[in-house]
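Colleague:
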Amino acid sequence: MPTIRRGALTALFTACLMLISIHAAKAQNADALMRLLRSGRLPAERMGNVIDAVSKRGSAEDLGFLLEQCASADGFPAEVRATTMSALADAATARGVLPAVEPQVLTPLLVDSDAVVQLAALRLATRWKDPAFGEPLIEASRSSELNERQAEAIYLALAANGSAPCVAALQSEMVNRASRIASLAAGALASTSDIEAQEAAVAWILAADPSADIAPVVRAFLNRQGGAEQLASMLSQNEVTQDQARLLLRTIYAAGRSDESLLNLLTEKAGLEAENEPWTAERMASEVQMVMTEGDPARGEDVFRRADLNCFNCHALSGAGGQIGPDLSPVGVSSPPDYLIHAIINPAQDVKEVYQVHKIMTLDGLVISGVRVTEDDETFVLRDAEGKTHVIPQEDIDQSVEGGSLMPNGLKVLMTDQEFHDLIAFLSQLGKPGPYVVRSRQTVQRWKVSGAKRLGLTLAVATPPNGMRSAALSSIDDWQSVYAKVAGALPLAEVADTTEDNTLFLKAEIEVVVGGEIRFSWQGPAAATLYVDDQPWTGADQTFTLEPGRHQVTIGISRDACVGEALGEFIKPEGSTIDFGVVGGQ
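Counting along the sequence shown from 1, when you hit position 491 you're at 491 in the working numbering, and nothing is skipped either side.
This is the structure we're talking about:
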């Protein structure tokens, strides 16, 4: 009989466990999966798939075990805790299932040193709404080291808790924090059921500096049944200047909403009633003529890119941008100016089924509007006008209404006549031979950007090249998107506008199908520091060999260097076998 070494037996047992876990996960058998997890013999690298399956099919008791393992010092390995907490937060959102343990088990994770674990714990606390979380959340909100992501998650959890001390803490944060974070506190206040808190949030947006972000407050009202009418009522009782009314209109349009009472009030206060007059055939002919003679496509591209119009939220150019409306790269080939004008002034006139809006009213009073992504017996998944995905349990849906477009009526009021003519001129040239032809080079059209503080990098380690490896290895999920122009150039001033940090990081991604050699060309500030994955980049002549899968280029740049434009391009060397695509989307 052949001798089997102990090491070989252990390896065989581990392989069997792996095989069992794979089959159990495929079968979605939560009991079998839980036996595997409780055995303590499942390798860490295989735990992710099992935990994901348990979070989607397991009972509240099963989820309680997962939470206890995350909270225990001798529980799940560090590399598994983040995955597990994210899965628990997703289960609470998508299934409405909470861990069957005492809420105090979650409390220490609300201030966990692992940012991913902490943010997931805060999401879970927001759904749990247990009074026991109030004091720890208030204490967490007082930290002087909060970044925007942490602040938003803490504030939403405080608002969900809704106790008088939690509301008071939010009011203090709104008053005492710098503008960017104060706006998040104001938005959380507006989302509570406390009328005085809502009125305080409205007072904040009317007293705020014009550069302040009022979107969190406006969204909080729009996301509540009857909220648009309530906001209109509160605004009607206050003095609203023309500039404030126009800023509010921009914010509402960016959310893809066209609530009549609110828009009518703000249109009147903005002095824009004449813009909503019906278009006659004579006016259309005159506008088309102005587009042909006075419209400037180059200026029109700048109009398209304006943050207040939010065109990129819904539409892509050269594959980069929103996915809830059609890619506009070839639109000029088939669409004459009058059709494009109609599409903007009356967007609901001709909407393909795939882009139809679904308006979901939930049993707890929320309103969520967006384009359907998927739907099954358990969940309804929507993507809203800002590109955010919402997973709504079917059992939470009170009413669903289909029809219309996420592109709001009246968008033209945000533009001067010249800007409107320029925009139509730009759209009418897209896809035609010339500077706006459909892209054939492998330029980076969608970049991701983050400030150093958002990544948790202190000033001492943030300045390139010191922080480059940390930035290169960080997850791209929460980085903000910025988009290159049609020809591939990225305006660096727009990059600098995304953060107040002095050190910024850009990322580009490619998906490699067949491995091989590749080069990367960077036409931008020479002071920038570049990495391809975790390897330093020394110049456009440098060749990297990439295996199949997703790869990243990370660029560190100072705020002072964000001048002019930059262009990034992936180049396939002669003789290389590589097959790849630059990642676009949102």
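Ideal Cβ positions, reconstructed from N, Cα and C, are used throughout, including at glycine.
Which residue's Cα is closest to the Cα of Gly431: Val486, Glu509, Asp338, Pro43?
Modeller: Counting from one through the sequence shown, the residue named residue 431 turns up at place 431. Closest by alpha carbon: Val486.
Colleague: Given a threshold of 16 other Cβ atoms within 10 Å of its Cβ, counted over all protein chains shown, does Thr126 qualify as buried or as exposed?
Modeller: In the sequence shown, residue 126 corresponds to position 126, counting from 1. That one is buried.
Colleague: CA-CA distance, Phe570 and Pro326?
Modeller: As a working mapping, residue 570 is identified with position 570 in the sequence shown. As a working mapping, residue 326 is identified with position 326 in the sequence shown. Phe570 and Pro326: Cα-Cα distance of roughly 26 Å.
Colleague: In terms of alpha-carbon separation, which member of Leu184, His342, Gln442, Lys359 lies closest to Glu402?
Modeller: Position 402 of the sequence shown holds residue 402. Per the Cα distances, Lys359.
Colleague: Go ahead and label Glu511 buried or exposed: buried means 16 or more other beta carbons lie within 10 angstroms of its beta carbon, across all protein chains shown.
Modeller: Translated into positions along the sequence shown, residue 511 becomes position 511. Exposed.
Colleague: Between Pro99 and Leu122, is the Cβ-Cβ spacing less than 8 Å?
Modeller: Against the sequence shown, residue 99 aligns to sequence position 99. Against the sequence shown, residue 122 aligns to sequence position 122. The Cβ atoms of Pro99 and Leu122 lie no closer than 8 Å to each other.
Colleague: Going by the beta-carbon positions, is the gap between Phe505 and Ala471 smaller than 8 Å?
Modeller: Counting from 1 along the sequence shown, the entry for residue 505 is found at position 505. Counting from 1 along the sequence shown, the entry for residue 471 is found at position 471. For Phe505 and Ala471, yes; Cβs fall inside 8 Å.
Colleague: So the candidates are Ser193, Ala188, Asp194; which of them puts its Cα closest to the Cα of Ile205?
Modeller: On the sequence shown, residue 205 is found 205 positions in, with the first residue counted as 1. When each option's Cα is compared against that of Ile205, the closest is Ala188.
Colleague: Rounded to whole angstroms, what is the Cα-Cα separation between Val217 and Asn310?
Modeller: As a first step, residue 217 is located in the sequence shown; it is residue number 217 there, counting from the start. As a first step, residue 310 is located in the sequence shown; it is residue number 310 there, counting from the start. Approximately 18 Å between the Cα atoms of the pair.
Colleague: Grab me the residues of Lys352's own chain with a C-beta within less than 6 Å of its C-beta, minus the 5 sequence neighbours each way, in chain order.
Modeller: If you number the sequence shown from 1, residue 352 lands on position 352. Nothing listed; no residue qualifies.
Colleague: Given a cut-off of 8 Å on the beta-carbon distance, is the pair Leu222 and Ala255 in contact?
Modeller: Against the sequence shown, residue 222 aligns to sequence position 222. Against the sequence shown, residue 255 aligns to sequence position 255. Closer than 8 Å, so yes.
Colleague: Can you check the stretch 32-81 for any alpha helix (DSSP H) of at least 4 residues that lies completely inside it and give the ranges in chain order?
Modeller: 44-57, 60-71
Colleague: Which residue spans inside the stretch 139-207 form an unbroken beta strand (DSSP E) run of at least 3?
Modeller: none
Colleague: Which residue wins for smallest C-alpha separation from Gly58, given the options Ser39, Arg41, Leu88?
Modeller: As a first step, residue 58 must be located in the sequence shown, where it is residue number 58. The residue with the shortest Cα to Cα distance from Gly58 is Leu88.
Colleague: Can you tell me whether DSSP reads Glu229 as helix, strand or coil?
Modeller: Residue 229 sits at position 229 when you count from the first residue of the sequence shown. Helix, per DSSP.
Colleague: Taking CB distances under 8 Å as the criterion, tell me whether Pro393 reaches chain B.
Modeller: Here chain B cannot be found, since the structure has a single protein chain.
Colleague: Three-state secondary structure (DSSP) at Ile397?
Modeller: Here residue 397 refers to the residue found at position 397 of the sequence shown. Of the three classes helix, strand and coil, the one that applies to Ile397 here is strand, per DSSP.
Colleague: Tell me which same chain residues have a C-beta within less than 8 Å of the C-beta of Pro136, skipping the five on either side of it?
Modeller: Looking up residue 136 in the sequence shown gives position 136. Around Pro136: Thr107, Leu110, Val111.
Colleague: Throw me the rounded Cβ distance for the Asp384 and Gly370 pair, which I believe falls under 8 Å.
Modeller: For the purposes of this step, residue 384 is taken as the residue at position 384 of the sequence shown. For the purposes of this step, residue 370 is taken as the residue at position 370 of the sequence shown. For Asp384 against Gly370, the beta-carbon gap comes to about 4 Å, under 8 Å, which counts as contact.
Colleague: How would you call Val354, buried or exposed, if buried means at least 16 neighbouring beta carbons within 10 angstroms?
Modeller: Mapped onto the sequence shown, residue 354 falls at position 354. Here Val354 is exposed. Its C-beta has fewer than 16 other C-beta atoms within 10 Å.
Colleague: For Asp302, does the three-state DSSP call read helix, strand or coil?
Modeller: Within the sequence shown, the letter at position 302 stands for residue 302. Three-state DSSP puts Asp302 in a helix.
Colleague: On the criterion of 16 or more Cβ atoms from any shown chain inside 10 Å, does Ala527 qualify as buried, or is it exposed?
Modeller: Along the sequence shown, read from residue 1 onward, the residue named residue 527 stands at position 527. Looking at its Cβ environment, which holds fewer than 16 other Cβ atoms inside 10 Å, Ala527 is exposed.
Colleague: Counting only the same chain and skipping the five closest in sequence on each side, list residues whose C-beta sits under 8 Å from that of Ser576.
Modeller: Taking the first residue of the sequence shown as 1, we reach residue 576 at position 576. For Ser576, where only same-chain residues beyond five positions count, the Cβ hits under 8 Å are Gly516, Glu517, Ile518.
Colleague: Check whether the Cβ atoms of Trp479 and Ser440 lie closer than 8 Å to each other.
Modeller: In the sequence shown, residue 479 corresponds to position 479, counting from 1. In the sequence shown, residue 440 corresponds to position 440, counting from 1. No, the pair does not count as a contact, with Cβ atoms beyond the cut-off.
Colleague: Going by beta carbon distance, what residues of the same chain come within less than 6 Å of Phe580, once the five residues before and after it are set aside?
Modeller: On the sequence shown, position 580 is the one that residue 580 refers to. Here the set comprises Ile510, Val512.
Colleague: Give a yes or no on whether the C-beta atoms belonging to Gly568 and Trp522 are separated by under 8 Å.
Modeller: For the purposes of this step, residue 568 is taken as residue 568 along the sequence shown, with counting starting at 1. For the purposes of this step, residue 522 is taken as residue 522 along the sequence shown, with counting starting at 1. Yes, these two residues count as a Cβ contact at 8 Å.
Colleague: What does the alpha-carbon distance come out to for the pair Glu574 and Arg95?
Modeller: Within the sequence shown, residue 574 is the residue found at index 574, counting from 1. Within the sequence shown, residue 95 is the residue found at index 95, counting from 1. For Glu574 and Arg95, the distance between alpha carbons rounds to 51 Å.
Colleague: Just tell me which of Leu492, Thr554, Ser55, Glu173 has its CA closest to the CA of Asp90.
Modeller: Position 90 of the sequence shown, counted from the first residue, corresponds to residue 90. The shortest Cα separation from Asp90 among Leu492, Thr554, Ser55, Glu173 belongs to Ser55.
Colleague: Going by CA-CA distance only, name the one from Arg559, Thr545, Ala566 that's closest to Ile578.
Modeller: On the sequence shown, residue 578 is found 578 positions in, with the first residue counted as 1. The option with the nearest alpha carbon to Ile578 is Thr545.
Colleague: Are the beta-carbon atoms of Gly295 and Asp422 separated by less than 8 Å?
Modeller: In the sequence shown, residue 295 corresponds to position 295, counting from 1. In the sequence shown, residue 422 corresponds to position 422, counting from 1. Against a cut-off of 8 Å, the Cβ pair of Asp422 and Gly295 comes out as a contact.
Colleague: If you count every other CB in all the chains shown that lies within 10 Å of the CB of Asp477, and 16 or more means buried, which is it?
Modeller: For the purposes of this step, residue 477 is identified with residue 477 of the sequence shown, where counting begins at 1. Per the 10 Å Cβ criterion, exposed.
Colleague: Whether or not the stretch 197-213 and the stretch 233-249 are in contact is what I'm after, with contact meaning three or more pairs of Cβ atoms, one per stretch, closer than 8 Å; do they touch?
Modeller: By the Cβ rule, the stretch 233-249 counts as touching the stretch 197-213, because three or more pairs are nearer than 8 Å.
Colleague: Can you tell which of Asn264, Ala425, Trp279, Asp541 has its C-alpha closest to the C-alpha of Glu273?
Modeller: Taking the sequence shown and counting its residues from 1, the one referred to as residue 273 is at position 273. Here the closest residue by C-alpha is Asn264.
Colleague: Can you tell which of Met284, Thr379, Gly467 has its C-alpha closest to the C-alpha of Ile345?
Modeller: Counting from one through the sequence shown, the residue named residue 345 turns up at place 345. Of the listed residues, the one whose Cα sits closest to Ile345 is Met284.
Colleague: What is the DSSP secondary structure of His315, reduced to helix, strand or coil?
Modeller: Locating residue 315 in the sequence shown gives position 315, where the first residue counts as 1. Under the three-state reduction of DSSP, His315 is assigned to coil, being neither helix nor strand.
Colleague: Starting from Tyr483 and walking both ways along the beta strand (DSSP E), at which residues does that stretch end?
Modeller: The sequence position of residue 483 within the sequence shown is 483, counting from 1. That run of the beta strand (DSSP E) goes 480-483.
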